Amino acid sequence: PSHPVSTRPGSRPGVTESAFQHNEVNQASLASLNGPQGFAQAADGKFYVADTENNRVLGWPSAAAATTGQPASLIIGQPDAGVQRANSGYKANGSPCDDTSLNGPEGLAVDLAGNLYVADVNNSRVLRFNQPFAQTERRMRANFVWGHDDYYLCSPNRANSPAANSLNHPQSIYIFEKADPVFPLASCSFLYVADSLNNRILRFVLAAATTAAKQTAVAVWGQGGNFTTVFPNGGGAVSAASIASQRSRR
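Numbering of the sequence shown is given in this note's numbering, commencing with residue 8 and proceeding in unit increments.
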């Protein structure tokens, strides 16, 4: 399963894997990166990199067989390898984002089934892509979203007040799955989200019975158990129960 990712203080120069000594910002290609901020590897060796400043996620089929400078085999978030724009592509309803687009992706996670989760930071959402290497569409489409009701909305906190089903620039994610001899795996599967500009951590139940329930957090840390406040350090002094976003301190 997957795992954590660093936060980014800002835009960084990119690197090309085929030339370790170079650090010029690149022209995007399948072998280039620009400010990567996330990495996750599946149990079968497939691995993914959040190519943050290129607004995409790249995938490779085997960590064991990967070679220096090897081009990625898969792109999520862009129509082709040379495109770098945030939320690029055709949007059927004129929305700035959809189920194929990304804007500053950072945190990545992979569950035991091989599904990829992406913290789509600047769209204030988390997306799930089912087994990306098994997909056949030219543009990879997400099949679930957290932080919004649909794929065509991308405002922080649903353009409203913070709640148990909203996000504001989530940066890091983690999947917890525990095989239990009594309970099915689904009952022990959780998504944790570092909801950065809301100064909190949220836990979602992946096997919740309905879409609305799955999109609604069941636990919160950093805000004294309150889903509707977003104060740094919970509105008080620094403590073991408080959280303050790096971004919120700037």
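For each residue, glycine too, the CB sits at the ideal point set by N, CA and C. Since we're looking at a predicted model, the values are computed, not measured.
The count of Cβ pairs closer than 8 Å, one atom from the stretch 69-88 and one from the stretch 160-171, stays below three, leaving the stretches out of contact. About 17 Å separates the beta carbons of Leu119 and Val125, which is beyond the 8 Å limit, so they are not a contact pair. As computed with DSSP, Ser196 is found in a beta bridge with Glu184. Between Tyr55 and Leu115, the C-beta spacing is below 8 Å.
With a cutoff of 8 Å on beta-carbon distance, Asn62 and Gly111 are scored as near each other. According to the DSSP assignment, Ala47 belongs to the beta strand (DSSP E) that extends over 45-48.
Beta-bridge partners assigned by DSSP to Gly66: Tyr55, Leu81. Under the three-state reduction of DSSP, Phe140 is assigned to helix. The C-beta separation of Leu123 from Trp153 comes to about 14 Å, leaving the pair out of contact by the 8 Å criterion.
DSSP places Ala226 inside the beta strand (DSSP E), whose first and last residues are 226-228. Rounded to the nearest whole angstrom, the C-alpha separation of Thr59 and Leu65 is 10 Å. For Leu123, the secondary structure class from DSSP, reduced to helix, strand or coil, is strand. Under the three-state reduction of DSSP, Arg165 is assigned to helix. Using a Cβ distance threshold of 8 Å, Arg132 and Asp106 do not count as a contacting pair. CA-to-CA, the gap between Gln230 and Thr75 works out to about 44 Å.
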